[in-house]
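Asker: For the sequence shown, the residue numbers in our numbering are 8 to 96. Structure incoming, see below.
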Amino acid sequence: KWCNPAPMDGSQPNLVIIAIDAEGRPYLKRAFNTQVCEQLNAWLGGFAAILKRMTANNFNWMIHVMLYYHTQIVQSKQQRNEEDADEDE
């Protein structure tokens, strides 16, 4: 029950989506990428000493700022990789 929190009744579309198989039949598929969560937790683990001493409001602000900057960095790397791939063609 607790290890698989993806409800199959359509109540959580951010966790379960309807996908189409090779034969055109719909099926329920997890939409939550656990590998990304593991990578994010590993990255945040480097800041644990700082974060654990913060108040709840400061913690929330810091996490939001860190995630914003991290997202900007990842997106810029992806864009550079796409541009490099286009130049190679």
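Glycine residues also receive a C-beta, built at the ideal position from the N, C-alpha and C atoms.
Determine the DSSP secondary structure at residue 87, reduced to helix, strand or coil.
Answerer: In this structure, residue 87 counts as helix in the three-state DSSP scheme.
Asker: Mind checking who residue 22 pairs with in its DSSP beta bridge?
Answerer: According to DSSP, residue 22 bridges with nothing at all.
Asker: Between which two residues does the beta strand (DSSP E) harbouring residue 59 extend?
Answerer: Per DSSP, residue 59 belongs to no beta strand (DSSP E) and is neither H nor E.
Asker: I need the boundaries of the beta strand (DSSP E) containing residue 37, first residue and last residue.
Answerer: Residues 33-37.
Asker: At what residues does the alpha helix (DSSP H) containing residue 49 begin and finish?
Answerer: Run containing residue 49: 41-52, per the alpha helix (DSSP H) assignment.
Asker: Quick check on this structure: which residue in 26, 37, 92 and 73 has the alpha carbon closest to the alpha carbon of residue 50?
Answerer: The shortest C-alpha separation from residue 50 is found at 73.
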